[in-house]
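FYI, this note's numbering numbers position 57 of the sequence shown as 57, with every residue one higher than the one before it. What follows is a short report on a single structure.
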Amino acid sequence: MTDEGRYIHVSIGLPGVAEEQIRIDLEQTTFTVTIADNGNTCRKVIDIPQGARVFKKKFSDGVLEIILEKTVP
């Protein structure tokens with residue numbers, strides 16, 4: 001995860017995971033990625049600035065890339 005001013009770039013390697021297994025939840029100050037596979041669940045919670053929103057997301061070759069946009073006060 002890198003913070004580049006107005007945007008936060010998140011890259012997560014998910015080899016062997018299909019896009020349909022990925023769930024993304026964005027709350028006020030957390031960003032959660034959940035992977036569900038045959039009854040097993042893996043979850044990663046990342047703290048983010050309040051009010052950030054998903055600007056762009058892409059899943060390709062086992063890598064999930066998400067760009068979050070921070071709100072401007």
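We put the CB at the ideal spot given by N, CA and C, even for glycine. Predicted, not measured: the structure shown is a model, and the values here were computed from it.
Cβ-Cβ distance between residue i and residue j below 8 Å
i, j, result
"Phe59", "Ile22", "yes"
"Val54", "Gly13", "no"
"Lys56", "Ile67", "yes"
"Thr32", "Arg43", "yes"
Sheet register partners of residue i (DSSP bridge)
i, result
"Ile48", "BP columns for Ile48 are empty, so no partner."
"Gly13", "Val63"
"Glu69", "Tyr7, Arg53"
"Asn40", "Asp37"
Spatial distance of residue i from residue j (CA atoms)
i, j, result
"Pro49", "Lys70", "7 Å"
"Asp37", "Gly16", "11 Å"
"Glu65", "Ala18", "14 Å"
"Val72", "Thr34", "28 Å"
"Asp3", "Glu27", "18 Å"
"Asp61", "Gly39", "23 Å"
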